[in-house]
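Position one of the sequence shown corresponds to residue 867 (our numbering), numbered consecutively onward.
Written below as structure tokens is the structure these notes are about.
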Amino acid sequence: MQAREPSVARQILVLQVAVVLVLVVASLALAAYDARRHARATATERAVAVATTLADSPALLAALDDADPSVAIQPMAERVRHDAEVDFVTVMNLDLIRYSHPDPSQIGRHFVGDVGGAPEGRTFTQEYAGTLGPSMRAVVPVRDGSGDVVALVSVGITIDRIDRDLRGDVLLIGLAALAVLAVGLAGTWLVGRRLRRATHGMGEREITRMYEYYSAVLHAVREGLLLLDDQGRVQLANDEAARLLHLPPDVIGRSVHDLGLPPGLVAAALGRTAESDDIYVAGEHVLVVSSAPATWQGREVGAVVTLRDHTELRSVTGELDVVRGLTDSLRSQNHEAANRLHTVVSLIEMGRPEEAVAFATEELEVAQLLTDRMVGAVGDPVVAALLLGKRSDAAERGIDLAIDGELSAEAAVPARDLVTVLGNLVDNAFDAVAGEPVRRVAVRLDGSGDTVRVVVGDSGPGLTEAEAARVLERGWTTKATRAVGGRGIGLALVGQVARRHGGSVEIGTSPLGGAEFRVTLRATGGAA
């Protein structure tokens, strides 16, 4: 069984700990080195200062004239050594014979070490291992009243003393380094914890593999997919979603409010509850949309929106609805015809055949006249059949339906689109006048060649300016079915057909007192 790779968070944690340790150790070493160098430089400066002070002393110059200079110089040098806290103060003549030394047995012996340019009147410093061990020492000249060099003074501080004084400074540096190390490790742990939560404890190969697989799958599926974060910003949009919603190339990271999507679709995407198979119209597409909040370990991280293109299916469904309406109308007419037939049979049974023939002939002439007028006014038989069915439906519902105008058979707008526009507008008008004391609907068709105009008005409650401005917007979503002036997706489909044909939808007030929809369709708009 293959061992699971360390998580990215653990790898980063180990790397950061190593970096922090290296930086702290390197900083500690540099600080200790700098402190040691500074301590030795300070010791050298102190040795030069003590030696210069003693060399300028008149008492020392006077003692050099004695028969035995060491008698006076040795006590003087020892007092200076103790007071200045140095390790040796040696006074010597120009032949480097000592007049003083911390070890009295060394008096009278030759000085061990270099004196550099001190006999010529220059100050000389060096690190040298003499009789007391390695030390930082300084040699300065002693001048008489005429300025001639008559003796030399050497002052030294041993390396052991310097290192003893340095240990306290190094201890403070070490404590500071430990504090920095503790803070660095704590920060590293916090960063690793946050990274582990962000990567869900996965390794780098797992993340790479997951990204490659997910990207390939999400862009290959036939459904549109939008992934939003908890702020409503798009984090992923596959190719199908970009096609259906006409998303810009720079959609990633943009708020869903800035993409020009239908408000109902935006509200569904940002909703706190799951929604399934809601129908929306976006541009030229009829979409079935499902949305659900995305959670991870009980925490909401965004939303998932899936989109399916049902444009063609909705068009076929609209035609099926028209056929179903015609079927219902035929069923109603069949019921009415049965009643008339029973009337004719009863008249014959009553021995009144002449009245039976007259009654049957009159009903046949009325029905045929209505059919002939409709087919004559509307050149397309499909549209004529739709209007006949709507007239029968209106008669059943107690609605006075008036149909006017003339639609030439040469009109270039496809019958499918005319059925969509007429069917939805008339149904919308029927719903608007339902429950009203006066129920009147007027339909006018005008068109020949490249342009068709459809006007549908009603005697319903009408629309306010605000409702008229938003009626098609509310029609974008099936949730608007109860809204005034909106009947689900029907009005949105009307607007879609108008846009596809380069036309327009105008909403105003009907002469009947209610709302009036004026739709213009042009064949040059790219009918499909």
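For every residue, glycine included, the Cβ atom is placed at its ideal position computed from N, Cα and C.
The structure presented is a predicted model; accordingly, all values stated were derived computationally and were not measured.
Looking at the structure shown, is I878 part of a helix, part of a strand, or coil, going by DSSP?
Numbered from 1 along the sequence shown, position 12 holds the residue referred to as residue 878. Helix at I878.
Can you say whether A995 is buried or exposed, counting buried as having 16 or more other CB atoms within 10 angstroms of its CB?
Numbered from its first residue, the sequence shown carries residue 995 at position 129. A995 is exposed by the Cβ-count criterion.
Spatial neighbours of T1386 within its chain, please: C-beta separation below 6 Å, excluding the five flanking residues on both sides.
As a working mapping, residue 1386 is identified with position 520 in the sequence shown. R1319, G1369 and S1370, listed in sequence order.
Could you have a look at G1341 and say whether DSSP puts it in helix, strand or coil?
Along the sequence shown, read from residue 1 onward, the residue named residue 1341 stands at position 475. Low confidence applies to G1341: its pLDDT is 43, below 50, so where it sits in the model is not reliable enough to give any reading.
First and last residue of the uninterrupted alpha helix (DSSP H) at A1358:
The sequence position of residue 1358 within the sequence shown is 492, counting from 1. Taken as a continuous stretch (DSSP letters only), the alpha helix (DSSP H) holding A1358 covers G1356 to R1366.
Alpha-carbon spacing of T1286 relative to Q1362, whole angstroms:
Counted from its first residue, the sequence shown places residue 1286 at position 420. Counted from its first residue, the sequence shown places residue 1362 at position 496. About 10 Å.
G1374 versus G1380 - alpha carbon distance:
Reading the sequence shown from its first residue, position 508 is the one you call residue 1374. Reading the sequence shown from its first residue, position 514 is the one you call residue 1380. Straight-line Cα distance between these residues: approximately 9 Å.
Less than 9 Å separating the beta-carbons of S893 and V1036?
Within the sequence shown, the letter at position 27 stands for residue 893. Within the sequence shown, the letter at position 170 stands for residue 1036. Cβ atoms of S893 and V1036: not closer than 9 Å.
For Y965, does the count of other Cβ atoms within 10 angstroms reach 16, so buried, or fall short, so exposed?
Counted from its first residue, the sequence shown places residue 965 at position 99. It counts as buried.
Nearest-angstrom beta carbon gap, G1168 and D1096 [assumed within contact, 8 Å]:
In the sequence shown, the residue the question calls residue 1096 occupies position 230. In the sequence shown, the residue the question calls residue 1168 occupies position 302. So it is a contact: roughly 5 Å between Cβ atoms.
Could you compute how far the alpha carbon of D932 sits from the alpha carbon of D953?
Your numbering for residue 932 matches position 66 in the sequence shown. Your numbering for residue 953 matches position 87 in the sequence shown. So the alpha carbons of these two residues sit roughly 26 Å apart.
Can you tell me whether A1250 is buried or exposed? The criterion is at least 16 other CB atoms within 10 Å of its CB, across all chains shown.
If you number the sequence shown from 1, residue 1250 lands on position 384. Its Cβ being crowded by 16 or more others within 10 Å, A1250 is buried.
Have a look at R1099 and V888 and give me their C-alpha separation to the nearest angstrom.
In the sequence shown, the residue the question calls residue 1099 occupies position 233. In the sequence shown, the residue the question calls residue 888 occupies position 22. Looking at the two C-alpha atoms, the distance is approximately 41 Å.
What residues are listed by DSSP as bridge partners for R1009?
For the purposes of this step, residue 1009 is taken as the residue at position 143 of the sequence shown. DSSP output for R1009 lists V1015 as bridge partner(s).
Comparing C-alpha positions only, which one of E1382, L1094, V883 and N1294 sits nearest to G1058?
By one-based count along the sequence shown, residue 1058 stands at place 192. Residue V883 is the option with its Cα nearest to G1058.
Extent of the continuous beta strand (DSSP E) run through L1093
Counting from 1 along the sequence shown, the entry for residue 1093 is found at position 227. From DSSP, the beta strand (DSSP E) with L1093 extends over G1090 to D1095.
How far does the beta strand (DSSP E) with D1270 in it reach, from first residue to last?
Taking the sequence shown and counting its residues from 1, one reaches residue 1270 at position 404. Element bounds for D1270: D1266 to L1273.
Would you say the region 992-1006 touches the region 898-916, given that touching needs at least three Cβ pairs under 8 Å?
yes
How would you call G987, buried or exposed, if buried means at least 16 neighbouring beta carbons within 10 angstroms?
Here residue 987 refers to the residue found at position 121 when the sequence shown is read from its first residue. Flag for G987 reads exposed.
Could you pull the DSSP bridge partners for R1174 from this structure?
Taking the sequence shown and counting its residues from 1, the one referred to as residue 1174 is at position 308. DSSP lists V1154 as partners of R1174.
Under DSSP, the beta strand (DSSP E) around E1372 begins and ends at which residues?
Within the sequence shown, residue 1372 is the residue found at index 506, counting from 1. Counting along the chain, the beta strand (DSSP E) containing E1372 begins and ends at S1370 to T1375.
Three-way DSSP call (helix, strand, coil) for G1242 in this model
As a first step, residue 1242 is located in the sequence shown; it is residue number 376 there, counting from the start. Because G1242 carries a pLDDT of 48, less than 50, the predicted location of this residue cannot be relied on, and no value is offered for it.
Does DSSP put A1103 in a helix, a strand or coil?
For this step, residue 1103 is matched to residue 237 along the sequence shown. Residue state, collapsed to three classes: strand.
At which residues does the beta strand (DSSP E) containing M958 begin and terminate?
Taking the sequence shown and counting its residues from 1, one reaches residue 958 at position 92. Unbroken beta strand (DSSP E) run through M958: F954 to M958.
Compare the C-alpha of A1107 against each of Q877, E1089, A901 and S1121 and name the closest.
Here residue 1107 refers to the residue found at position 241 when the sequence shown is read from its first residue. Among Q877, E1089, A901 and S1121, the Cα nearest to that of A1107 is on E1089.
I'd like the span of the beta strand (DSSP E) that includes Q992, first residue to last.
Along the sequence shown, read from residue 1 onward, the residue named residue 992 stands at position 126. From DSSP, the beta strand (DSSP E) with Q992 extends over F990 to G996.
Among residues of its own chain, excluding the 5 on either side of L881, which ones have a beta-carbon nearer than 6 Å to its beta-carbon?
In the sequence shown, counting from the first residue as 1, residue 881 sits at position 15. Here the set comprises nothing.
With a cut-off of 8 Å on the beta carbons, I'd call L1113 and L1125 a contact; round off their distance for me.
As a working note, residue 1113 is residue 247 in the sequence shown. As a working note, residue 1125 is residue 259 in the sequence shown. Indeed, because the Cβ distance is near 6 Å, the residues count as touching under 8 Å.
According to the neighbour-count rule (16 or more other Cβ atoms, all chains shown, within 10 Å of its Cβ), is S1012 buried or exposed?
Position 146 of the sequence shown, counting from 1, holds the residue named residue 1012. S1012 comes out exposed.
Could you give the DSSP three-state label for E1331: helix, strand or coil?
Numbered from 1 along the sequence shown, position 465 holds the residue referred to as residue 1331. It is helical.
May I ask you to verify whether the region 1254-1273 touches the region 1217-1226, counting CB pairs closer than 8 Å and requiring at least 3?
no
Which whole-angstrom value is the C-beta distance of A1004 and V1021, which I expect to be below 8 Å?
Mapped onto the sequence shown, residue 1004 falls at position 138. Mapped onto the sequence shown, residue 1021 falls at position 155. Right, their Cβ atoms sit about 6 Å apart.
Within a Cβ cutoff of 6 Å, which residues of the same chain sit near L1136, ignoring the five residues on either side of it in sequence?
For the purposes of this step, residue 1136 is taken as residue 270 along the sequence shown, with counting starting at 1. Taken in chain order, the residues that qualify are G1098.
Taking the beta carbon of G1301 as the centre, do at least 16 other beta carbons fall within 10 Å, making it buried, or is it exposed?
Sequence index remark: in the sequence shown, residue 1301 carries index 435 (1-based). Counting Cβ neighbours within 10 Å, G1301 comes out exposed, since fewer than 16 surround it.
Grab the span of the alpha helix (DSSP H) containing I831 for me, first residue to last.
Missing from the structure shown is residue 831; the chain here goes from 867 to 1394 and no further.
Which residue from L920, P924, L927 and L1093 puts its Cα closest to that of A950?
Translated into positions along the sequence shown, residue 950 becomes position 84. When only C-alpha atoms are compared, the closest one is L920.
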